[in-house]
Amino acid sequence: MSAPRPRLVVRYHAPALRALSICGMALVVLVALWSAFEWGRSRAGFDGTAARSEHARLQDRIDGLEEQLRAARLKLAVYESDSTGQSRERTELSRSIGELQAQVARLTSDLAFYRGVVEQRTTTDVVKVQQFHVSAGTAPREFLLRLVLGRPLRPEDSISGRARIIIEGSGADGAPASFDLAQLAGVPGGELPFSLRYVETLQQTVTLPAGFVPARSTVELAPARKGADPVRESFLWTVEN
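Quick look at the structure:
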């Protein structure tokens with residue numbers, strides 16, 4: 525009996541076609557994952573298009589209110605320089621400025637929320653400023669600064685760093701001036717330490733120099749983690765009741 529002949533198997537080797545097939549499958553998987561993510565957001569009540577639209581509307585509204593504020597402040601300055609008085613007009617204009625500032629503060633808070641929704645999937649910040657409030661203190665020219673820090677959704681671990689707050693405005697001579705926490709409250713280095721996993725609130729009492737008129741506060745966050753980007757945000761100086 526003769527030995528069986530070995531069978532010859534012919535296989536086609538097409539590496540380019542195989543690589544193309546793998547890339548196509550990966551693309552299909554990515555599209556499916558993204559579609560599932562968007563479906564989940566819509567089921568949870570998140571509408572990206574509506575959020576972007578509301579974000580743009582709030583920004584336009586804030587720009588309009590800030591323009592009104594600038595015009596009102598210019599008019600108030602004219603009244604104050606008028607030697608003849610016009611106390612009623614000055615009082616009414618001061619009240620209007622306060623109302624405009626309150627509207628801007630509320631809209632800025634809403635804008636921050638929608639900005640977070642729109643940029644939720646693209647931000648690389650490991651910590652962010654969620655809220656910043658200013659309230660009157662118990663002594664003349666004393667104010668309480670309240671800073672609320674937060675993390676992105678589902679943080680894996682805690683983050684620490686230092687927060688710096690700078691108050692900008694104009695001095696008694698009308699020239700631009702700025703002060704940090706070291707000058708206003710004796711805080712070492714002008715920085716407040718923070719450490720959080722989800723949310724942390726920092727509070728600091730400051731006393732403004734005589735003649736200084738605050739206009740805005742700038743918050744700078746410096747995370748201690750290597751490679752983490754610093755965060756810088758500015759807020760209009762609005763004293764809450």
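For the sequence shown, this note's numbering assigns the number 525 to the initial residue and increments by one for each residue that follows. Just so you know, even glycine gets a beta-carbon here, dropped at the ideal spot from N, CA and C.
Collapsing the DSSP output to three states places Val658 in a strand.
The alpha-carbon separation between Ala601 and Ile683 amounts to approximately 46 Å. Pairwise C-beta distances place the stretch 680–695 in contact with the stretch 728–737, as three or more of them are shorter than 8 Å. In the same chain as Leu716, and ignoring 5 residues on each side of it, the C-beta atoms closer than 6 Å to its own belong to Ala687 and Leu726, in chain order. Per DSSP, the unbroken alpha helix (DSSP H) holding Ala709 starts and ends at Leu705 to Ala709.
When DSSP states are grouped into helix, strand and coil, Gly685 belongs to the strand group. Taking a contact as a CB-CB distance under 8 Å, the pair Leu669 and Val730 counts as one, their CB atoms being some 6 Å apart. DSSP places Val651 outside any beta strand (DSSP E), giving it a letter other than H or E. Counting other Cβ atoms within 10 Å of its Cβ, Glu724 reaches 16 or more and is therefore classed as buried. Just measuring C-alpha positions, the residue of Trp761, Asp649 and Gly714 sitting nearest Lys750 is Asp649. Membership of Glu744 in the beta strand (DSSP E) is indicated by the continuous run Val737 to Pro747.
Annotated three-state conformation of Thr632 is helix, per DSSP. Taking C-beta separations shorter than 7 Å and ignoring five residues to either side along the sequence, Glu616 has no partners in its chain. Restricting attention to Pro733, Gly588 and Asn765, the CA atom closest to the CA of Thr632 is found in Gly588. Around Ala748, the same chain offers Ser684 and Gly685 as residues with beta carbons nearer than 7 Å, after the five sequence neighbours per side are excluded.
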